[in-house]
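Asks: Structure incoming, see below.
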Amino acid sequence: MDKNRVKDIMDADENLEVLYRGTSVWVEDVSSSQEEATVKVLETDELIQVPTSELRETGRELK
23 MDKNRVKDIM DADENLEVLY RGTSVWVEDV SSSQEEATVK VLETDELIQV
73 PTSELRETGR ELK
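Once you know that position 6 of the sequence shown is 28 in our numbering, the rest is easy, because the numbers rise by one and skip nothing.
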């Protein structure tokens, strides 16, 4: 995903679904270089660092 779009999703009023390798994640933070993001895996609450280029937006809103 484009790094600017990741920031837009973080700032959005809606809770938009983001996937990392097919798994739903919540974007917690984006690095100052915006090449990596800290995400929380929703199934396990694990925090991991991932490349922003590997994040995918589904277009769905999380309820």
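Idealized CB from N, CA, C, for every residue including glycine.
1. Can you give, in chain order, each stretch of the beta strand (DSSP E) that sits fully within the stretch 28-57 and has at least 3 residues?
2. What number of angstroms, rounded off, separates the C-alpha of asparagine 37 from the C-alpha of leucine 84?
3. Label isoleucine 70 either buried or exposed according to how many other C-beta atoms from any shown protein chain fall within 10 Å of its C-beta, with 16 as the threshold for buried.
4. Taking the CB atoms as reference points, tell me whether threonine 45 and glutamate 68 lie closer together than 8 angstroms.
Replies: Reading it off the structure:
1. Fully enclosed beta strand (DSSP E) runs of 3 or longer: 38-42 and 45-52.
2. 5 angstroms
3. exposed
4. no
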